[in-house]
Amino acid sequence: MSSSPWGHHGWGRHGGCAHWRPFEVAAVVIGFFIFWPIGLALLLLKLWGRSFGYEGDLFSFAAEQGAKVKSAFGDAARESGRGWAGPSFMRSTGNVAFDEWREGELARLEEERRKLAEAEREFAEHIAELRRAKDKDEFESFMRARKGNA
78 MSSSPWGHHG WGRHGGCAHW RPFEVAAVVI GFFIFWPIGL ALLLLKLWGR SFGYEGDLFS
138 FAAEQGAKVK SAFGDAARES GRGWAGPSFM RSTGNVAFDE WREGELARLE EERRKLAEAE
198 REFAEHIAEL RRAKDKDEFE SFMRARKGNA
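The sequence shown begins at 78 in my numbering and counts up one residue at a time.
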């Protein structure tokens, strides 16, 4: 038995800090580099996993904890009598006429969104063409001035 006040939680079998795999160290360092709360979250997640005696890597621990939460959420949804069927605008209300009207309105809105995206693309192409024409005019002006000086 170890006489350490820390017990075996967080400390490896070799007396040093818990075994960190190279990709875990890299993930924490990159996390701190990109946005320090990400690095801190990864570090705390690793330490939290070790406090539960988990010997796997950081990502396996996170995946297992996520699966537990998802399972608990699914159990709660089943107990409430209905599972989560997607966003509220996708669920049936039980009224066929309303559901058909809603589907029609959503289709109309999607068509409007598509038209707006197309107009935005056309406008971007128009602006790009104007910039090309302006650049060409400026270049030709430069070339005429250069010939005039020569």
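All C-beta atoms in this analysis are idealised placements derived from N, C-alpha and C, irrespective of residue type, glycine included.
Please read these numbers as outputs of a predicted model, since none were measured by experiment.
Cutoff 8 Å; reference residue i; Cβ partners in own chain excluding five residues on either side
| i | result |
| --- | --- |
| Arg191 | none |
| Arg198 | none |
| Ile107 | Gly116 |
| Trp97 | Lys123 |
| Ala140 | none |
| Ala118 | Gly108 |
Nonlocal neighbours in the same chain, by C-beta distance under 6 Å from residue i, ignoring five residues either side
| i | result |
| --- | --- |
| Trp109 | The amino acid occupying residue 109 in the given sequence is Phe; Trp does not appear at that position. Excluding residues within five positions, the ones whose Cβ falls inside 6 Å are Gly116. |
Residue i: first and last residue of the uninterrupted alpha helix (DSSP H) it sits in
| i | result |
| --- | --- |
| Ser169 | Note, Ser169: premise wrong, no alpha helix (DSSP H); not H, not E. |
Sequence-distant residues of the same chain with beta carbon closer than 7 Å to residue i, five excluded per side
| i | result |
| --- | --- |
| Ala120 | The displayed chain sequence assigns Leu, not Ala, to residue 120. Closer than 7 Å at Cβ, skipping near neighbours: Val105. |
| Lys145 | none |
| Pro99 | none |
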